[in-house]
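Residue numbers (mature numbering (1 follows the signal peptide of the UniProt record, and there is no 0)): -19 to -1, 1 to 95. The beta-carbon is built from N, C-alpha and C at its ideal position, and this holds for glycine as well. All remarks here apply to the structure that follows.
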């Protein structure tokens, strides 16, 4: 009788107790919905990171223009030479710097591409 009882208890344990701990498989529809949710979340993260990169670029450009303008004002009021040659040198430096900077940025970009 004892052997029969222990065998019966083992069958019950396998059938009911192990099924509690056993993970049920998700249906294909549920798996596809989970994948779709993950894709939507990744797309939202990507769009928000692109927006933050655009904001960073705009701020960098805006503050560089402000710094450039302030440096010109400082040079104009404090370091402005008395002679025409000195004035021409200062104006040339401030007029040529943006072109010089963009030229080197374009060359770096072309070197990076090729």
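| Item | Value |
| --- | --- |
| Return helix, strand or coil for residue 63, following the three-state DSSP convention. | coil |
| By the three-class DSSP mapping on this structure, what secondary structure does residue 29 have? | helix |
| Quick one: grab the DSSP three-state call for residue 68. | helix |
| When the Cα atoms are used, what is the spatial distance from residue 71 to residue 80? | 15 Å |
| Look at the alpha carbon of residue 85 and the alpha carbon of residue 78, and state the distance between them as a whole number of angstroms. | 11 Å |
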